[in-house]
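Structure first, then comments.
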Amino acid sequence: MRRWIWTLVILAVLAAAYWTWPFVGAAGLASAAQRGDSAAVIERVDLPALRRSLARQIALAYLEATGKGGKLGSIGRNLMGAAATTVADPYVAELLTPENITALIGRGKIGTVKLGDKDVAVNRDLPGFASLLHGDWLSMLTGSYFDGLTSFVIPAETRGAAADNYAVHLRLDGLTWRLSGIDLPASMVDQIARSILAQNGGTSTP
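Numbering (the working numbering), first residue to last: 331 to 536.
Encoded structure:
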């Protein structure tokens, strides 16, 4: 009987340790961003995964901004989404510099991104990752979850509208939890998409 009890205790301790491990990694990422240590931040970021995450969100929002998203079937939407991704990729490439990533994680700032000789400005900010970790720990712990054995999601519910909520995705790479995606607030992604559309000479639907 005692053996079973100790086995359950050990399993519970291991499960708790594995659950808190992503938060330790996230705290290290936030600390590096607060210090402005871009090199340390980049070491904790899965750049290809983060680039895919942001490009997909912006591409889908761009498709909606053109007014074509709701008029297409699933196949047409996928084709148009792939085309829209080529529009989003240059923006994401300019956005994901070490300095911009550090500012986004540490202060929630995107600011102005150059596309050729044009500026794409985003006036909306999201609470910095550090602020997220220093917020309501109980809410964060109960709201966070594994979406795979090596994938972890930390959602952030802001005090504003639901469209201002966002989430951070972490992926275990070796022994390091790396930032692999950010589900940007819908309001922010919409503004980015409409700004890109305007710079490309297009018009968005209301």
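Where is the CB? At the ideal position from N, CA and C, for every residue including glycine.
Note that the coordinates shown come from a computational prediction; the quantities given were computed from them, not determined experimentally.
Exercise. Leaving aside the five residues before and after glycine 458 along the sequence, list all residues of the same chain whose C-beta is less than 6 angstroms from its C-beta, in chain order.
Key: So the qualifying residues of the chain are Gly436, Arg437 and Gly438.
Exercise. Would you check if the distance between the CB atom of serine 383 and the CB atom of glycine 511 is smaller than 8 angstroms?
Key: Their beta carbons are under 8 angstroms apart, which means serine 383 touches glycine 511 by this criterion.
Quiz item: According to DSSP, what are the bridge partners of valine 450?
Solution: Val443.
Quiz prompt | Spatial distance of leucine 500 from proline 378 (CA atoms) | solution = Taking the Cα positions, leucine 500 is about 13 angstroms away from proline 378.
Practice problem: Rounded to whole angstroms, what's the CA-CA distance from arginine 386 to leucine 445? Just pull it up for me. | Solution: Looking at the two C-alpha atoms, the distance is approximately 18 angstroms.
Quiz item: Counting Cβ pairs closer than 8 angstroms, one from the region 514 to 530 and one from the region 469 to 482, do we hit at least three?
Solution: With the rule of 3 Cβ pairs closer than 8 angstroms, the region 514 to 530 does not count as touching the region 469 to 482.
Quiz item: For threonine 442, which of Thr506, Arg333, Tyr421 and Ala460 has the nearest alpha-carbon?
Solution: Minimum Cα distance to threonine 442 is reached at Tyr421.
Self-check item: Own chain, CB closer than 7 angstroms to tyrosine 496, minus 5 neighbours either side, in chain order
Solution: Here the set comprises Leu456, Ala486, Ile512, Asp513, Leu514 and Pro515.
Quiz item: Skipping 5 residues on each side, what residues in its chain have a beta carbon closer than 7 angstroms to that of isoleucine 340?
Solution: Excluding positions up to five away in sequence, the list is empty.
Quiz item: How many Å lie between leucine 380 and tryptophan 336 at the Cα?
Solution: Straight-line Cα distance between these residues: approximately 41 angstroms.
Exercise. In angstroms with no decimal places, state the Cα-to-Cα distance between leucine 362 and alanine 433.
Key: The amino acid occupying residue 362 in the given sequence is alanine; leucine does not appear at that position. So the two alpha carbons sit approximately 11 angstroms from each other.
Quiz item: Under three-state DSSP, which class holds glycine 355?
Solution: In this structure, glycine 355 counts as helix in the three-state DSSP scheme.
Quiz prompt | Buried or exposed by the 16-neighbour rule on C-beta atoms within 10 Å, applied to valine 519 | solution = Within a 10 Å sphere around the beta-carbon of valine 519 sit 16 or more other beta-carbons, which makes this residue buried.
Quiz item: Where does aspartate 419 sit, in a helix, a strand or coil, going by DSSP?
Solution: It is helical.
Quiz item: Which residue from Ala460, Leu509, Ser517 and Ala528 puts its Cα closest to that of threonine 480?
Solution: Measuring from the Cα of threonine 480, the nearest candidate turns out to be Leu509.
Quiz item: What number of angstroms, rounded off, separates the C-alpha of tyrosine 348 from the C-alpha of leucine 527?
Solution: Rounded to the nearest angstrom, the two C-alpha atoms are 43 angstroms apart.
Self-check item: Contact under 8 angstroms by Cβ, leucine 463 with alanine 360
Solution: Yes, Cβ-Cβ distance for leucine 463 and alanine 360 is below 8 angstroms.
Quiz item: Which partner residues does aspartate 367 have in the DSSP bridge list?
Solution: For aspartate 367, DSSP records no beta bridge to any residue.
Exercise. List the whole-angstrom C-beta distance separating glutamine 529 from valine 450, where the pair is believed to meet the contact cut-off of C-beta under 8 angstroms.
Key: Cβ-Cβ separation between glutamine 529 and valine 450: approximately 6 angstroms, consistent with a contact (criterion under 8 angstroms).
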